[in-house]
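Letter by letter, the sequence shown follows residues 0 to 130 of numbering that gives the first Met the number 0. See below for the structure under consideration.
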Amino acid sequence: MKFTKINLREFAGFGLVGAANTVVTYGLYAVLLFLFSYKVSYSLAYVSGILISYYMNSRLVFHEPVSLLKFIKYPIVYVVQYILGIVVLYVAIDVLGFSQWLAPLLVIAISLPVTFVLSRLIIKGRVWARG
0 MKFTKINLRE
10 FAGFGLVGAA
20 NTVVTYGLYA
30 VLLFLFSYKV
40 SYSLAYVSGI
50 LISYYMNSRL
60 VFHEPVSLLK
70 FIKYPIVYVV
80 QYILGIVVLY
90 VAIDVLGFSQ
100 WLAPLLVIAI
110 SLPVTFVLSR
120 LIIKGRVWAR
130 G
């Protein structure tokens, strides 16, 4: 079995799906604020974002059918992303002296490839594209 580098088209699609999902879930959050507290609104929008991300990445990015087992595993990606983000923020701000306003950009730059690899592993069952 020959393995090649990560498919750049998939990676770009993953980034676009993530951007679209961010816009949609923020819009949902804004609408929900008319009905619920910010905590409930954020929680509902966040869970919706996981659902949207799983579906869109499965179908549009990785061209795989959705499955209950993969869907159950998918939130692991968000747990890892959160922990990685907190660690990177701490190191960037408290150790390296980055601005707390700019440090989240570093989190995105570091967590995006990690999130892509984990998502691909869960959805496709492998990290690398087959050549």
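Beta carbons are placed, not taken as given, at the ideal position from N, Cα and C, and that holds for glycine. The model shown is predicted, which means the values in this text are computed figures rather than measured ones.
*asked:* Between residue 9 and chain D, is any beta-carbon pair separated by less than 8 Å?
replied: Checking the listed chains, one finds no chain D in this structure; it contains a single protein chain.
_Contacts around residue 111, its chain only, beta-carbon distance under 6 Å, and the 5 residues preceding and following it disregarded_ = Closer than 6 Å at the Cβ level, and outside the excluded window around residue 111, lies no residue.
*Identify whether residue 99 lies in helix, strand or coil by the three-state DSSP scheme.*
Correct three-state label for residue 99: coil.
_Spatial neighbours of residue 99 in its chain, beta-carbon cut-off 7 Å, leaving aside the 5 residues before and after_ = Answer for residue 99: 92, listed in chain order.
*Cβ neighbours of residue 121 in the same chain (closer than 8 Å, five flanking residues each side left out)*: Result list for residue 121: 69, 72, 73, 75 and 76, in chain order.
_Spatially closest choice to residue 102 from 18, 20 and 86, by CA coordinates_ = Minimum Cα distance to residue 102 is reached at 86.
*CB-CB under 8 Å to residue 65, same chain, minus the five flanking residues each way: which ones, in chain order?*
The beta carbon of residue 65 sits closer than 8 Å to those of 53, 54, 57 and 58, all from its chain and outside the five residues before and after it, given in chain order.
*Residue span of the alpha helix (DSSP H) that contains residue 74, given as start and end*: Counted as a single uninterrupted DSSP element, the alpha helix (DSSP H) harbouring residue 74 occupies residues 74-89.
*Could you check where the alpha helix (DSSP H) with residue 49 kicks off and where it finishes?*
Taken as a continuous stretch (DSSP letters only), the alpha helix (DSSP H) holding residue 49 covers 37-55.
_So residue 31 and residue 44 are supposed to be a Cβ contact under 8 Å. How far apart are they, rounded?_
Residue 31 to residue 44, Cβ: 6 Å. Contact.
*Rounded to whole angstroms, what's the CA-CA distance from residue 13 to residue 27? Just pull it up for me.*
Looking at the two C-alpha atoms, the distance is approximately 21 Å.
*Rounded C-beta distance between residue 83 and residue 109? I'm assuming under 8 Å.*
About 7 Å separates the CB atoms of residue 83 and residue 109; that is less than 8 Å, so the two are in contact.
_With the cut-off set at 8 Å, would you say residue 79 and residue 113 are in Cβ contact?_
In this structure, the beta-carbon distance from residue 79 to residue 113 falls below 8 Å.
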